[in-house]
Amino acid sequence: MFISLLSDFGLDQEFVGVCKAVLLLICPGADIVDICHNSHVFDIEEGALMLKNFVKYSPVGVHLAVVDPGVGTERRGIAVETERGDILVGPDNGILTEAIDVLKFRNAVALENQQYMLHPVSYSFHGRDIFAPAAGYLAKGISLSEFGPFLAHNDLSVVQIPLPQESETEIRGIVLRVDRFGNLQTNIPAWMVPQEERIPVEIGGEIINVRHARTFGEVSPGELLLYEDSDGMVTLSQNKGDAARFLDVKKKALVVLSK
Amino acid sequence: MFISLLSDFGLDQEFVGVCKAVLLLICPGADIVDICHNSHVFDIEEGALMLKNFVKYSPVGVHLAVVDPGVGTERRGIAVETERGDILVGPDNGILTEAIDVLKFRNAVALENQQYMLHPVSYSFHGRDIFAPAAGYLAKGISLSEFGPFLAHNDLSVVQIPLPQESETEIRGIVLRVDRFGNLQTNIPAWMVPQEERIPVEIGGEIINVRHARTFGEVSPGELLLYEDSDGMVTLSQNKGDAARFLDVKKKALVVLSK
Amino acid sequence: MFISLLSDFGLDQEFVGVCKAVLLLICPGADIVDICHNSHVFDIEEGALMLKNFVKYSPVGVHLAVVDPGVGTERRGIAVETERGDILVGPDNGILTEAIDVLKFRNAVALENQQYMLHPVSYSFHGRDIFAPAAGYLAKGISLSEFGPFLAHNDLSVVQIPLPQESETEIRGIVLRVDRFGNLQTNIPAWMVPQEERIPVEIGGEIINVRHARTFGEVSPGELLLYEDSDGMVTLSQNKGDAARFLDVKKKALVVLSK
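Protein chains in written order, with numbering that gives the first Met the number 0: chain X, 0 to 258; chain F, 0 to 258; chain A, 0 to 258.
Written as structure tokens, this is what we have:
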């Protein structure tokens, strides 16, 4: 069985390794793939987007996502079955929202059955004591209904990814993320942007007339470009450079495209 | 066969990948799990604790741990069989001590048989040339006794994790580690701490009256708390914050709890 | 089938995970090993060396290497079969040069067959849309000739790793890489260096008389040494220290050894 794993545990401690140990103890031979463990700490929105981008391309499997600022509070754990048969496992805080949107909701349960937890359940590491065991037992074939009461789709917490706002003269969005290459991915879908060769962009307090291209090779080294990235979103980059550093811009920065 | 892997090699070079290549060349199809490779450079104590935390939850397997400041010196390599049948492999410098404490010593050998090494054996990468090959052949089923002479338990080097000191009025410990969330794990076991609602804590030159809670949710955002963490140790954290940054405290800092 | 994976995608986003998802969707059950994903951004030379160091020790398999500053330009994708039967997959920019040198060229094709790509093919993530699919189908057994026209060995782009220059009185090289331990690996092969006990080394603007040793244990803590590293190259290190920090030296720094 295929199990994928996303968290904000980082790679500087053994936390991810311990979760895998638990998975393999319960479900020997599982194929485990890491999605990412360096999501910003407690950033549910970022984790939700990463999970979405992953499941769009992944085999059917159990997908475990633990970005969990509310660990130890009353927020529940959930497992959600999708139309094609995946099971998404994580805290009920919106981390699964975007993936459910893509894969479509079929069923969900609250993770309440103590039999499928590691005891004593700690107050601070539910990844190890609740979520990895649930994922392991689900991968092993234990039925969803064994884990707890069914929940309706609209019982689940959701995360709201900020949407861009369009007026007659402009599209206002934000930087959704900055990747290792300094690319500035916005929350503006590429189809929203006019087919002009250059687009005035307000970002970092400046207004820049940016080349609207399909690909890096169309602009000179050092030049900025605005293009449809591999997620279908408008991204602002610098050819052979780092747009985030060049523009001194961070995640959540305002981006305004003139029409 | 299940093989786990811990090192201080980091993830910025191909060193971990090369060790896995060696493992898979010798023992095709092995299930390899990373425990952590970002342990502080040469920090045997930290590596030993990570390995312990992992093996407490892991399936029986071969566990390879290479934090090895003495590579190229006369320190020997060892393989240690545990009561339940794991084999721990690494340099004889204490990196295995804590895991042996948990899994219990059954047998050990010095890794001397040249037949199970990659030649020429380099002076600086025994992970690749001695330890990964040993782990691979052990995972493949080669008997421990083939690798070299047996060693008694008390022949092995040990690492001493500093213990807390208790007096009538206080418990003196240190910060054992700081994780990605800024949690300050101490070397004080949770059972040592009085069941008071607030505990005066001396840390970073200050004395703070810290809430003694079970979980983050019991305190306000930004508030400090002291609780039993998932390893059973006293940890000092800041709800929705980063205690290490907030208190400007690092690993090894003194922590004194008043009774 | 064994698939290895090298990139400069970093581990802070889901990019590597997505490539693995694609691989496993196409070739379920593949054994995937990470070589490294933290190669310096766009550093083809560094990636090429890492790949070489890996394949020297790896089982026969499909090796996927994506360090791709020219993504979205006319540079083609290639798959290269080696004498022993590996298949190297990546952009035709030199990233595969060093590995081909080690494993020996047998055949190569340009990746042109749209059937083995994910559609729509993005302009910025060929790792996901072209290279991972190619690697997956190749691992699954699809014949090289299915992917596109054959290429001759000298049709392929190459990367030139800078070579040291030797005169009667000195060997001039550069720092090829700095690892996590601060070791300064040079581009000077160890066999080039005279068998003297001390060697005058010019580095970072200073001339230092460095101990020529086989291993760290031969010098005192804090002392510099020059030795043959595990790749057969001259490396400059500080026993129990960090030579890069100690000497304030970075990758590409000039290193001159006097004879």
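A virtual CB, placed ideally from N, CA and C, is assigned to each residue, including glycine.
Since the structure is predicted, the reported quantities are computational estimates derived from the model, not experimental observations.
Own chain residues within Cβ distance below 7 Å of A/Glu45, not counting five before or after: Excluding sequence neighbours, A/Glu45 sits near Ser38, His39, Arg176.
Any beta carbon of chain F sitting closer than 8 Å to that of X/Phe245? At a cut-off of 8 Å, the C-beta of X/Phe245 has no neighbouring C-beta in chain F.
Straight-line gap, X/Ala212 to X/Val218 (C-alpha atoms, nearest Å): Taking the straight line joining both Cα atoms gives about 8 Å.
Just reading off the beta strand (DSSP E) that F/Asp30 is part of, what are its end residues? 30 to 35 is the span of the beta strand (DSSP E), which, as asked, contains F/Asp30.
Do X/Gly221 and X/Gly240 count as a contact pair if the criterion is CB distance below 8 Å? Yes; because the gap between Cβ atoms is below 8 Å, this pair is in contact.
Any C-beta of chain F under 8 Å from that of X/Leu24: By this cut-off, X/Leu24 is an interface position.
Please decide whether F/Asp33 counts as near chain X, where near means a Cβ-Cβ distance under 8 Å. Closer than 8 Å to some Cβ of chain X, the Cβ of F/Asp33 qualifies, so yes.
Which residues DSSP lists as bridging A/Ala64, in chain order: Under DSSP, the beta-bridge partners assigned to A/Ala64 are A/Leu5.
Excluding sequence positions up to five away, which residues of its chain have a Cβ less than 7 Å from the Cβ of A/Asp128? Result list for A/Asp128: Met116, Leu117, Val120, Ser121, in chain order.
Please list the partners that F/Gly216 has in chain X, where partner means a Cβ-to-Cβ separation under 8 Å. Within 8 Å Cβ-Cβ: Gly69, Gly71, Thr72, Glu73.
Closer than 8 Å, CB to CB, is A/Phe180 near chain F or not? Chain F places a beta carbon closer than 8 Å to that of A/Phe180, counting this residue as a contact.
In chain order, which continuous runs of the alpha helix (DSSP H) of length 4 or greater are located wholly inside the stretch 183 to 242 of chain X? None, since the stretch 183 to 242 of chain X contains no complete alpha helix (DSSP H) of that length.
According to DSSP, is X/Phe124 helix, strand or coil? If DSSP states are grouped into helix, strand and coil, X/Phe124 belongs with coil.
Between the Cα of A/Val158 and the Cα atoms of A/Ala134, A/Asp91, A/Thr214, A/Glu205, which residue gives the shortest distance? The option with the nearest alpha carbon to A/Val158 is A/Asp91.
In three-state DSSP terms, what is F/Leu246? Here F/Leu246 sits in helix by DSSP.
Which one of F/Lys51, F/Ile94, F/Phe124 has the shortest CA to CA distance from F/Gly260? As displayed, chain F neither begins before 0 nor continues past 258, which places residue 260 of chain F out of reach and without an answer.
Cutoff 8 Å: A/Lys19 Cβ touching any chain X Cβ: Taking 8 Å as the threshold, the shortest C-beta distance from A/Lys19 to chain X falls below it.
Assuming the contact rule is C-beta atoms closer than 8 Å, F/Asn186 and F/Ala242 should be a hit. Round their C-beta distance to whole Å, please. About 16 Å separates the two Cβ atoms, so there is no contact after all.
Chain-ordered chain A contacts of F/Pro27 [CB-CB under 9 Å]: By Cβ distance, chain A contributes Phe1, Asp30, Pro58.
Own chain residues within Cβ distance below 6 Å of A/Asp67, not counting five before or after: Contacts found: Pro90.
Looking only at C-alpha atoms, which of A/Gln114, A/Asn153, A/Ile198, A/Ala20 sits nearest to A/Ile170? Taking only the C-alpha atoms, the option nearest A/Ile170 is A/Ile198.
Classify F/Arg75: buried if its beta carbon has 16 or more other beta carbons within 10 angstroms, exposed otherwise. Answer is buried; the Cβ neighbour count reaches 16.
At 3 residues or longer, what runs of the beta strand (DSSP E) sit wholly inside the stretch 85 to 161 of chain X? The qualifying runs are 86 to 90, 104 to 109.
Members of the stretch 108 to 124 of chain X near chain F, C-beta cut-off 7 Å: Per Cβ criterion, the list reads Ser121, Tyr122, Ser123, Phe124.
Below 9 Å on C-beta distance, what does X/Asp85 contact in chain F? What X/Asp85 touches in chain F: nothing, since even the nearest Cβ is about 22 Å away.
Inter-stretch contact (C-beta, 8 Å, three-pair minimum) for the stretch 46 to 59 of chain A and the stretch 46 to 62 of chain F: Counting Cβ pairs under 8 Å, fewer than three are found: no touch.
Spatial distance of A/Gly69 from F/Glu145 (CA atoms): Rounded to the nearest whole angstrom, the CA to CA distance from A/Gly69 to F/Glu145 is 52 Å.
Cα-Cα separation, F/Leu256 to F/Ala189: Taking the straight line joining both Cα atoms gives about 12 Å.
Who are the near neighbours of X/Glu80 in its chain, counting only those whose CB is closer than 6 Å to its CB and skipping five residues on each side? Only Ile86, Arg105, Asn106, Leu143 meet the Cβ criterion.
Can you pull the chain D neighbours of X/Phe8, defined as C-beta to C-beta under 8 Å? This model lacks chain D altogether, as its protein chains are X, F and A.
Got a sec? Which residues, its chain only, sit under 6 Å from X/Ile43 by beta carbon, not counting five neighbours each side? In chain order, Val66, Asn92, Gly93, Ile94, Val158 place their CB closer than 6 Å to the CB of X/Ile43, counting only its own chain and leaving out the 5 sequence neighbours on each side.
X/Gly259, DSSP secondary structure in three states: Residue 259 of chain X lies beyond the residue range present for chain X, which begins at 0 and ends at 258; the question has no answer from this structure.
Within the same chain, show all residues whose beta-carbon is closer than 6 Å to that of X/Asp30, passing over the 5 residues directly before and after it, in chain order. By the criterion of a C-beta distance shorter than 6 Å, X/Asp30 is surrounded in its chain by Phe1, once the five residues flanking it on both sides are discounted.
For the beta strand (DSSP E) that contains F/Glu80, what are its first and last residues? Note, F/Glu80: beta strand (DSSP E), 76 to 81.
Alpha carbons only, please: which of A/Val174, A/Asp154, A/Val233, A/Phe41 is nearest the one belonging to A/Met191? Taking only the C-alpha atoms, the option nearest A/Met191 is A/Val233.
Which residue from A/Asp33, A/Glu73, A/Phe41 puts its Cα closest to that of A/Val61? The residue with the shortest Cα to Cα distance from A/Val61 is A/Asp33.
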